[in-house]
Structure formats: structure tokens, C-alpha cells
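Read in order, the letters of the sequence shown are residues 4 to 93 in our numbering. Quick reminder that beta carbons are idealized off the backbone N, C-alpha and C, glycines included.
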Amino acid sequence: MSSATEKKTYEGQKITVTFEARRCLHAAECVRGLPEVFDPGQRPWIRPDGAEAERLAEVVRRCPSGALQYELVDGGAETRPGPRGSRATP
Ligand code: SF4
């Protein structure tokens, strides 16, 4: 079955960006904000490692349609954020 939401994932070292083409309004906020990451003329058109994760996150938040979303890998890849203090030894 084909899913209604076609979301693509672009994984970077520190940040993962997802893009849902269906929701994109082509406002080009992303391309204008960070042309070194968002380049429709390239493939893949999103290169999450093209800029600092924080700057990228900022531009993603500016996306007016919500087509772009991000998730910071920081601290979440190897040790998933669980309850605080759960690492304490018995
Ligand atoms: S900012 Fe969002 S709506 Fe605008 S072009 Fe980029 S993904 Fe599409």
C-alpha cells in the first residue's frame, strides 16, 4: 500500500531532516535561509551536514507549511533519552 504521507528522511551527523513534499508550499524559505543545505538543483536536495545543526534547525522551524521537520541526533542516537538519572548504578 502506498502511504498518504510521503516523507523523506535526510540523515546528517547531528540532525535528521524530514521532508513531506505534499505539504510543501514552495515558499523557498528553506532555500533562501540555507542555500548550502537546501539546493533543489542537487540530489539529494537536502544535505543536513551542509551547515551547523542549530542553524539548520532554525531554518526548518521557519518552514511555513510544516513540510520540513527535524530531529536532533545529539544524545539521542546511542543513548535514547530515557528517564533522567536512569544511568545510576544500583
Ligand atoms: S520552507 Fe517549507 S514550504 Fe517552503 S520550500 Fe522549504 S519545505 Fe517547502
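- Contact between proline 67 and leucine 28 holds: their C-beta atoms lie close to 6 Å from each other, under 8 Å.
- Distances from the alpha-carbon of alanine 60 to those of Cys33, Lys11 and Glu23 put Cys33 closest.
- Listed in chain order, the non-local C-beta contacts of isoleucine 49 below 7 Å within the same chain comprise Tyr13, Val20, Phe22, Val40 and Phe41, local neighbours out to five positions each way being set aside.
- Only residues of its own chain outside the window of five on either side were considered, and among them Ile18, Val20, Ala60 and Val63 have a CB closer than 6 Å to the CB of tyrosine 73, listed in chain order.
- When beta bridges are read from the DSSP output, valine 20 appears opposite Tyr13 and Tyr73.
- Buried is the label assigned to alanine 54, since at least 16 other Cβ atoms lie within 10 Å of its Cβ.
- Across the set Asp77, Gly69 and Leu75, the C-alpha of Gly69 shows the shortest separation from the C-alpha of alanine 31.
- Counting along the chain, no alpha helix (DSSP H) covers valine 40, and no H or E run does either.
- Relative to the ligand SF4, glutamate 39 has its C-beta separated by 6 Å or more from all heavy atoms.
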